[in-house]
Every structure is written in structure tokens, then in C-alpha cells.
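This report concerns only the one structure given below.
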């Protein structure tokens with residue numbers, strides 16, 4: 003059950019990041035991947051700052067911020083390529 007919640011948070015975080023960065027989502031599979039990787043990045047950033055989520059909303063916010071950072075870094079790489 004936790005894995006399903008993890009995927010749902012990843013999908014929602016990826017979709018939110020897509021809305022914030024490009025104004026649209028990327029499709030379910032890519033949203034999940036962006037959200038899961040973003041959750042990992044957000045966890046690293048938040049733990050480096052001494053912060054951590056305490057509930058589901060905090061986890062979603064952390065994952066979304068990490069996904070936005072991921073999309074921003076990918077856009078920088080695409081501009082140079």
C-alpha cells in the first residue's frame with residue numbers, strides 16, 4: 003500500500019511540476035518518473051537544510067519542489083545541447 007501511495011505522490015508531484023514549469027503535464031508515466039526522482043532530489047535538499055516532511059502534504063510539497071528543480075536542470079541541459 004505504501005508503494006501505491008508513493009507512486010500517487012510521485013505522479014501528482016510530477017504533474018504539479020509540469021504545470022509550474024511548462025504549463026502542462028507530461029503524461030502519467032513521465033509524471034511518475036519526474037515525481038519520484040524529484041522526491042529523491044527534494045529529500046536531499048530538504049535534509050541538507052535540516053528540514054523534513056511531517057505529513058502527506060509536506061511530502062507532496064517536498065517532492066514537487068524536487069521535481070521543479072529536476073525540470074529546471076533538464077531545461078538548462080537542453081539549452082546547451
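Residue numbers (our numbering): 3 to 83. Built from N, CA and C at the ideal position, the CB exists for glycine as well.
Helix, strand or coil: which one does DSSP assign to residue 54? coil
Please confirm whether residue 48 and residue 54 have their CB atoms less than 9 Å apart. yes
Where residue 9 and residue 82 are concerned, what is the direct C-alpha to C-alpha distance, given to the nearest angstrom? 31 Å
Buried or exposed: which applies to residue 70, given that a residue is buried once 16 or more other Cβ atoms fall within 10 Å of its Cβ? buried
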